[in-house]
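A quick write-up on the structure given underneath.
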Amino acid sequence: MKALENLDLSTNQLSGPIPPTIGKLGNLSVLNLFSNRLNRTIPSEIGGLTFLTDLVLYSNQLHGELPDSLVRLKNLSTFSVFSNKLSGKILAELGKLHNYLVGDIPQSIGNLQDLEYLDLSANNLSGGIPELLGNCYDLISLNLSHNALSGKIPSQLRHLEELRLLLDLSSNSFSGPIPQLDKLVSLLVLNLSHNHLTGRIPHSLSKMIGLQFLDISYNSLSGSVPSDKIFQRGLFIGNPDLCGIALGLTSCDHRSHKKHKDVLIAVIVPVVSLLLIGACVVTLLLCCPMKKQNSAYTGSKYMGNLESLICRMEGRFRFEDIIQATNDFNDTYCIGRGRFGSVYRASLSSGHTFAVKKLNISESSNFLLKNRHSFEQEIKALTEIRHRNVVKLCGYCSTKGSMYLVYDYAEKGSLGKVLYSEMSSVELEWETRVAIVRGLAHAVAYLHHDRTPPIVHRDISINNVLLDYDFEPWLSDFGTAKLLSLDASNWTSIAGTYMAPATKHQVLLKDILDQRMSPPTGRAAKEVVTAVRLALLCVSIEPASRPTMCYVAQQLPARTNNQISEPFGAITLNCLLNHQR
Numbered sequence: 001m002k003a004l005e006n007l008d009l010s011t012n013q014l015s016g017p018i019p020p021t022i023g024k025l026g027n028l029s030v031l032n033l034f035s036n037r038l039n040r041t042i043p044s045e046i047g048g049l050t051f052l053t054d055l056v057l058y059s060n061q062l063h064g065e066l067p068d069s070l071v072r073l074k075n076l077s078t079f080s081v082f083s084n085k086l087s088g089k090i091l092a093e094l095g096k097l098h099n100y101l102v103g104d105i106p107q108s109i110g111n112l113q114d115l116e117y118l119d120l121s122a123n124n125l126s127g128g129i130p131e132l133l134g135n136c137y138d139l140i141s142l143n144l145s146h147n148a149l150s151g152k153i154p155s156q157l158r159h160l161e162e163l164r165l166l167l168d169l170s171s172n173s174f175s176g177p178i179p180q181l182d183k184l185v186s187l188l189v190l191n192l193s194h195n196h197l198t199g200r201i202p203h204s205l206s207k208m209i210g211l212q213f214l215d216i217s218y219n220s221l222s223g224s225v226p227s228d229k230i231f232q233r234g235l236f237i238g239n240p241d242l243c244g245i246a247l248g249l250t251s252c253d254h255r256s257h258k259k260h261k262d263v264l265i266a267v268i269v270p271v272v273s274l275l276l277i278g279a280c281v282v283t284l285l286l287c288c289p290m291k292k293q294n295s296a297y298t299g300s301k302y303m304g305n306l307e308s309l310i311c312r313m314e315g316r317f318r319f320e321d322i323i324q325a326t327n328d329f330n331d332t333y334c335i336g337r338g339r340f341g342s343v344y345r346a347s348l349s350s351g352h353t354f355a356v357k358k359l360n361i362s363e364s365s366n367f368l369l370k371n372r373h374s375f376e377q378e379i380k381a382l383t384e385i386r387h388r389n390v391v392k393l394c395g396y397c398s399t400k401g402s403m404y405l406v407y408d409y410a411e412k413g414s415l416g417k418v419l420y421s422e423m424s425s426v427e428l429e430w431e432t433r434v435a436i437v438r439g440l441a442h443a444v445a446y447l448h449h450d451r452t453p454p455i456v457h458r459d460i461s462i463n464n465v466l467l468d469y470d471f472e473p474w475l476s477d478f479g480t481a482k483l484l485s486l487d488a489s490n491w492t493s494i495a496g497t498y499m500a501p502a503t504k505h506q507v508l509l510k511d512i513l514d515q516r517m518s519p520p521t522g523r524a525a526k527e528v529v530t531a532v533r534l535a536l537l538c539v540s541i542e543p544a545s546r547p548t549m550c551y552v553a554q555q556l557p558a559r560t561n562n563q564i565s566e567p568f569g570a571i572t573l574n575c576l577l578n579h580q581r
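At the far end of the sequence shown sits residue 581, using UniProt numbering, and the numbering has no gaps.
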C-alpha cells in the first residue's frame, strides 16, 4: 500500500515489534500506533518516512534508544512517545518525551524549523539550551522544565516570535541574567522559577503585552520589581534581594532604610531584650489564672487575626467596596447558592463587576483545625493560576465567621444554565460548543502539565464552567481541588460521579447529540467528530488507553486531513473509536 498517507492502528491490543517494513510506506504522513502493547525498539526504517507530520507512539512498551534516523523527519510537527520505556541520549527530533532521556539537547535541533510543540520536561537532560533552538521559528509551546539544564538562557529565544502558549524553563539550574525576550509579544505564560538567575528584572519584559502569567520566583534576582501593569500578574517570592509592591516582597522604601535601622538595632536590641524579658515574666504571672477561660476563644481569635488577610491583586478594590456594593451581602444581590455558601454579584463604582463566593463557616476550633489547611491550599493554588480559561481569583478575605473569594464575573453564568435554557440552540451553535470544549481542554492541560505540583480539579461539571460575554469558558470552583506532588500516591479519593461508560458502540453519533439542533455540517461536522472521538478515548475502560489532556488539547482543532468518508448521519461510535477522523 505504497500510496497510503494515513495509518491509524491505535487503541487496539497489538503486541510485538513495529515491523521494519513499515519504512516502505513512503507517502505516509500520519502514523498513529498509540495505546497498544508494542515492544522492542523503534525501527530505524521509520526515519525514511520523510513526509511524516505525525508520529504518535505513546502508551506502549517500547524500549531502547531512539534511532538516529529520526533526524531525517524534517516535516514532523507532532511526535509523542510518552508512557514507554525509552532511554539513552536525546536526538534532534523532539516532541512529548516523558521517559528517562539524558544528555545534552543537540545543536542540530535548529534544523527542525517546522516544529510547533516541544515538551522535554521531567527528564534528566543536562548541559545548556542550544542557541540554534532560536531557529525553530514555528514553535508555539516550549517546555524544558524539571531537568538538570544549566548555563545562561540564550538570548536567541527572543526570535521565537510564534511562541504564544508557553515558555517554561522552571526547575533547572540556569544562571546569569534574564535575557531580552521582548519579541515574544504573544506569549501567554513565562515560567523561569526555581533556577539560579541573577541580576535585575529587565524592563523589556513589559513589551510582552500578551503575557497573562509570569513566574520568576525562587531565584537570586535583585533590585526592584518594575511598576508596569504586566508585572502585577507575576510571582516573585524566593528572591531575597528583590523588593517592590508584590506578594511576599518587602517595599523598596523599606530596603533603603535598612542600613540605618541596622545601626539602631545594634544599640537598641540589648536594652529592649531586657525590657521584653521583664514584660514576659509579668504577663505570664497575670495570665496563668485565666488560661482555661481564654482557651475557649481560640477560634474567634484566629478569625480576628484573619481580618487583615485581604489581597488586592491589582489595587482595583477594597473589601469594604465589596460590602458596599452588595449592601452587606443582601439577598437581592445573591446569584446562586450551594451547600458551602452563596455567590453574590458585586458591581463597584469603578465599573468592575465581581462574583463573590461567601463560604459560611463555624468559628469552632474543630472546624478550623480540619479546614484551615484546605482553605490555605486553595488560596495558594488560585493566586498562582493565570490562564485565559481558568477563572481568575481577584481577592480574598476572612472575617466575622465567613470566608470570601472574589472572582472575575462571568456575564453568561454557568454552562449548565445556558445549555438548558430555551435559547441554547440559538446561542450555542456547534462551532461555539466545540470552542468551549477546546478551551476547557486547554485549561485542564494547563493545570495537569504546566503547574508544579499539578492541580487536579476533581469536580468538573457543567455548573463549574462559566461563560463570559463572548462564550469563552472559564473553569471555576476549586473548592475540592487537590494539589499533588509528582510522586504522590493519594489518587484514591474521587469527588463527583466519573465512571467509564459501557456505551453501545453501534449507536449512531447523531442520536447522542443535542436533539434540539440540526446535525452539524461542513467544518463543524469534522470538529464534532474529532471532539466526540477524543471524549470516548478519555472515558475508555482501559486507563492506559486514555490520552493525556495535553494530547487532547493539541488534537481538538480539526485538521485539514480530517475527512469524513461516510455521511454524518451514518457514523457510529464504534467507527469513531477505530479510526482517526
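C-beta atoms are modelled at their ideal positions from N, C-alpha and C, and glycine is treated no differently.
Own chain, CB closer than 6 Å to residue i, minus 5 neighbours either side, in chain order
i      : result
Gly569 : Lys510
His442 : Asn389, Ala553
Leu160 : Leu139
Val189 : Leu166, Phe213
Glu5   : Asn27, Ser29
Leu184 : Leu163, Met208
Ser545 : Thr11, Ser35
For residue j and residue i, the rounded distance between their alpha carbons
i      : j      : result
Met423 : Leu205 : 44 Å
Asp477 : Asn464 : 6 Å
Thr250 : Gly244 : 6 Å
Ser145 : Tyr218 : 14 Å
Ser170 : Gln555 : 26 Å
Arg72  : Leu38  : 23 Å
Pro19  : Gly238 : 52 Å
Leu187 : Leu132 : 20 Å
Arg40  : Thr78  : 22 Å
Ile455 : Cys394 : 19 Å
Ile46  : Leu447 : 34 Å
Pro154 : Glu320 : 47 Å
Asp514 : Ile323 : 42 Å
Ala535 : His449 : 19 Å
Gln180 : Ile230 : 15 Å
Gly64  : Ala435 : 40 Å
Cys252 : Phe174 : 26 Å
Met549 : Ser141 : 15 Å
Beta-carbon gap between residue i and residue j smaller than 8 Å
i      : j      : result
Gly128 : Gly151 : yes
Asp182 : Arg164 : no
Ala469 : Glu411 : The amino acid occupying residue 469 in the given sequence is Tyr; Ala does not appear at that position. For Tyr469 and Glu411, yes; Cβs fall inside 8 Å.
Ser414 : Leu466 : yes
Tyr396 : Phe354 : no
Ala148 : Ser121 : no
Val225 : Ile201 : yes
Thr572 : Val507 : yes
Asn84  : Asp119 : no
Leu86  : Leu115 : no
Ser425 : Arg516 : yes
Leu419 : Ile462 : yes
Leu242 : Leu221 : yes
Counted within 10 angstroms of its Cβ, other Cβ atoms place residue i as buried (16 or more) or exposed
i      : result
Glu527 : buried
Lys357 : buried
Gly176 : exposed
Ala445 : buried
Asn330 : exposed
Asn195 : buried
Arg337 : exposed
Gly351 : exposed
Asn327 : exposed
Arg533 : buried
Arg523 : exposed
Pro17  : exposed
Pro473 : buried
Gly391 : A small correction: the amino acid at residue 391 is Val; Gly does not occupy that position in the sequence shown. Buried is the call here.
Asn60  : buried
Val437 : buried
Ser108 : exposed
Close Cβ partners of residue i (< 7 Å) along its chain, the five nearest in sequence each way excluded
i     : result
Lys24 : Lys2
Cβ neighbours of residue i in the same chain (closer than 8 Å, five flanking residues each side left out)
i      : result
Ser80  : Phe34, Leu55, Val56, Leu57, Tyr58, Gly95, Lys96, Tyr551
Tyr137 : Gln113, His159, Leu160, Glu161, Glu162
Leu9   : Asn32, Leu33, Asn36
Entirely within the region 128-197 and at least 3 residues each: give me those beta strand (DSSP E) ranges in chain order.
-> 141-143, 148-152, 166-168, 173-176, 189-191
Segments assigned beta strand (DSSP E), at least 3 residues, entirely inside the region 19-96 | 30-32, 37-40, 54-56, 61-64, 78-80
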